[in-house]
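Visitor: For the sequence shown, position 117 (counting from the first letter as 1) is numbered 142 according to the working numbering, and the numbering increases by one without interruption.
By construction, the Cβ of each residue, glycine as well, lies at the ideal position given by its N, Cα and C atoms.
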Amino acid sequence: MYGLQQFFIFFLSHPLQLASLLLFLFLSAKFLLLSKKNSNSNSPPSPWKLPILGNLHQLGTHPHRALRSLSLTHGPLFLLRLGSAPTLVASSPESAKQIMKTHDLAFSNRPYSAISNRLLYNYKDLSQTPYSPYWRQMRAICVTRLLSARRVASFRHIREQEAAFLVAAIEEGASTPLDLGELISRMTNDVVCRVAFGRKYDDDGGEEEGWVNRFNGLDRRVEKVFAEFDEFLDRVVEDHRLTTGEKSEEEEDIVDVLLQIQRETSNSAVDRDTIKAIVLDMFAAGSDTTYTALEWTMTEILRHPRVMEKLQQEIRVILGDERNVNEEVIERMDYLKAVIKESFRLHPPIPLLVPRESTQDVKVQGYDVPEKTRVIVNAWAIGRDPKRWGDDAEEFRPERFLNSKVDFKGQDFELIPFGAGRRGCPGISFATASMEITLVSMLHRFDWSVPGGEEGGGLDADEAPGLAVHRRTPLLAVPTLYSP
């Protein structure tokens with residue numbers, strides 16, 4: 026009894042602590058009531074939660090791995106509460122197909138993000154914009170004008186030139202350890218810069234280099250970053266506006282095409298902010314993710330000398346004595362395409378696909394999913410599912426794709442590194458073309474080894490923490506000029 030009196034005396038004399046206790050009790054009671062309500066409904070299975078935090082504490086430093094572990098306990102479709110947001114997690118081809126095909130329209134929205142909204146000019150982009158007539162118009166423009174097969178082909182000379190520059194840089198450092206991640210990052214940035222606004226970011230003394238680095242995550246202060254983006258992109262758009270009509274169709278870049286659409290259409294939805302937001306989308310989707318995919322592909326090639334030898338043999342037989350790589354011959358390289366598919370399977374550039382949000386109540390695999398539920402598709406877990414890929418699902422074995430029709434373009438839900446459905450990435454062809462010519466260029470002219478003379482098995486494949494999965498350590502490799 027004395028202890029109880031002391032308890033009340035303490036809290037009555039400390040009003041702040043009393044208020045905190047009452048708030049905690051209120052939230053706990055509300056949490057328990059919601060949990061009881063959900064347990065009586067036909068909701069997907071869910072792991073235990075903490076008040077307020079929900080399941081945030083269970084994500085760890087590698088969310089894609091943590092969510093896969095949870096799926097092994099709770100099934101391929103389960104429900105989390107991340108803070109206040111109910112979040113559905115899909116970890117199997119069947120559940121992904123339900124979300125991105127069967128109920129694609131119901132899951133076509135994006136959850137709101139204040140940071141994305143600010144950086145993307147009040148959602149004037151394509152990737153993060155909520156589902157709406159504006160989004161549908163921008164999607165049509167991207168598919169038919171910006172990233173069509175014809176437009177991607179028109180950028181071929183840029184890819185081939187930048188691949189030749191990459192080879193020259195590697196040749197200059199031959200027989201010494203090189204940071205492949207740095208070289209690949211520079212090339213992918215250069216390609217996207219030339220495609221987006223007609224020049225590389227170091228063409229005039231490096232003015233754009235700082236801008237690109239900030240965009241790639243070196244400076245997270247939103248307002249400062251936005252101001253720098255906006256000032257630079259304003260100059261880019263204005264420079265293009267002043268030179269309208271001076272370029273041939275083959276010389277046009279993304280900004281040129283968007284300005285042309287703006288002129289062609291009265292009351293066009295494409296305004297100055299739209300152009301800037303779409304350019305930012307190009308960098309997010311075309312630079313960092315392509316670099317990440319290439320770095321992981323080279324990691325696996327270096328770790329598996331057998332694969333490297335087989336791929337180099339295919340490349341060198343088809344190219345022969347040609348010094349520079351021509352994209353036309355790449356179509357004949359079946360093993361190259363199998364290597365890229367296998368890399369996408371094990372290392373999707375975005376392991377947890379960009380979140381969606383339900384626009385209505387919907388039933389998924391027999392479970393009730395209410396409106397405003399966020400959805401995460403774990404492409405990383407799907408690519409390593411032994412039920413689909415067999416007992417060697419964790420092994421890098423490109424041969425599994427040589428006699429398989431499975432592709433990564435959104436029709437086969439066991440391999441979805443670019444997503445699928447309405448919200449699938451429209452830049453698949455562009456990204457694939459960049460990857461293919463980069464890999465062929467690096468493996469045609471050079472043999473590669475791990476520093477120190479170790480076999481490839483000595484190279485680690487450890488991941489850095491975060492949502493976009495990069496290598497934990499730099500990818501160092503020694504090139505030796507190939508002599509037939």
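Please list the terminal residues of the continuous alpha helix (DSSP H) segment that includes ASP386.
Guide: Unbroken run through ASP386: none, as it is neither H nor E.
Visitor: In its own chain, which residues sit with a C-beta less than 6 Å from the C-beta of SER312, not counting the 5 before and 5 after it?
Guide: THR213, ASN214, VAL217
Visitor: With H, G and I counted as helix, E and B as strand and the rest as coil, what does DSSP make of VAL400?
Guide: DSSP places VAL400 in strand when its eight states are reduced to three.
Visitor: Taking only runs of the alpha helix (DSSP H) that begin and end inside the stretch 391-455, which ones reach a length of at least 4 residues, in chain order?
Guide: 404-408, 411-414
Visitor: Buried or exposed: GLN385, going by 16 or more other Cβ atoms within 10 Å of its Cβ?
Guide: exposed
Visitor: Among THR86, SER71, GLU276, whose alpha-carbon lies nearest the alpha-carbon of VAL177?
Guide: GLU276
Visitor: Count the other CB atoms within 10 Å of the CB of HIS182; is the residue buried (16 or more) or exposed (fewer)?
Guide: It counts as exposed.
Visitor: At which residue ranges does the stretch 64-111 contain complete beta strand (DSSP E) runs of 3 or more residues, listed in the order of the chain?
Guide: 102-107
Visitor: Excluding sequence positions up to five away, which residues of its chain have a Cβ less than 7 Å from the Cβ of PRO118?
Guide: ILE407, ARG413, PHE438, GLU439
Visitor: Any chance you could list the alpha helix (DSSP H) runs of at least 4 consecutive residues sitting entirely within the stretch 168-196, in chain order?
Guide: 174-179
Visitor: Does VAL262 pass the burial test, meaning 16 or more other C-beta atoms within 10 Å, or should it be called exposed?
Guide: buried
Visitor: Report the rounded CA-to-CA distance for SER141 versus GLN338, giving the unit in angstroms.
Guide: 45 Å
Visitor: Applying the criterion that 16 or more other CB atoms from any shown protein chain within 10 Å of the CB defines a buried residue, is PRO476 buried or exposed?
Guide: exposed
Visitor: Less than 7 Å separating the beta-carbons of ILE286 and LEU171?
Guide: no
Visitor: Looking only at DSSP bridge pairs, what is GLU488 linked to?
Guide: ARG496
Visitor: May I ask you to report which of helix, strand or coil DSSP gives VAL114?
Guide: Reduced to three states, the DSSP call for VAL114 is strand.
Visitor: Going by the DSSP bridge assignment, what does VAL503 pair with across the sheet?
Guide: Bridge partners of VAL503: SER474.
Visitor: Does the beta-carbon distance from ARG135 to GLN123 come in below 7 Å?
Guide: With contacts defined as CB atoms closer than 7 Å, ARG135 and GLN123 fail to qualify as a contacting pair.
Visitor: Quick check on DSSP: helix, strand or coil for ASN292?
Guide: coil
Visitor: Relative to the C-alpha of GLU461, which candidate in HIS87, ILE209, ASN403 has its C-alpha closest?
Guide: ILE209
Visitor: Cα-Cα, which of ASP150, HIS495, GLU334, MET307 is closest to THR86?
Guide: HIS495
Visitor: For the alpha helix (DSSP H) containing TYR316, name the first residue and the last one.
Guide: 314-328
Visitor: How would you write the range of the alpha helix (DSSP H) that ARG211 sits in, first residue to last?
Guide: 205-222
Visitor: Hey, is the stretch 321-340 in contact with the stretch 442-454, meaning 3+ C-beta pairs nearer than 8 Å?
Guide: no
Visitor: Could you round the C-beta distance between VAL350 and PRO423 to whole angstroms and report it? I think they count as a contact, below 8 Å.
Guide: Their Cβ separation, rounded to whole angstroms, is 20 Å, which puts VAL350 and PRO423 out of contact at 8 Å.
Visitor: In whole angstroms, what separates the C-alpha of GLU367 from that of LEU377?
Guide: Distance from the CA atom of GLU367 to the CA atom of LEU377, rounded to whole angstroms, is 18 Å.
Visitor: Which of the three DSSP states, helix, strand or coil, is assigned to ARG297?
Guide: Of the three classes helix, strand and coil, the one that applies to ARG297 here is helix, per DSSP.
Visitor: Nearest to LEU468 by alpha carbon, out of THR457, GLU356, ALA188?
Guide: Measuring from the Cα of LEU468, the nearest candidate turns out to be ALA188.
Visitor: Are the stretch 143-161 and the stretch 417-433 touching, with three or more C-beta to C-beta distances below 8 Å?
Guide: no
Visitor: Could you pull the start and end residues of the alpha helix (DSSP H) that LYS366 belongs to?
Guide: 359-371
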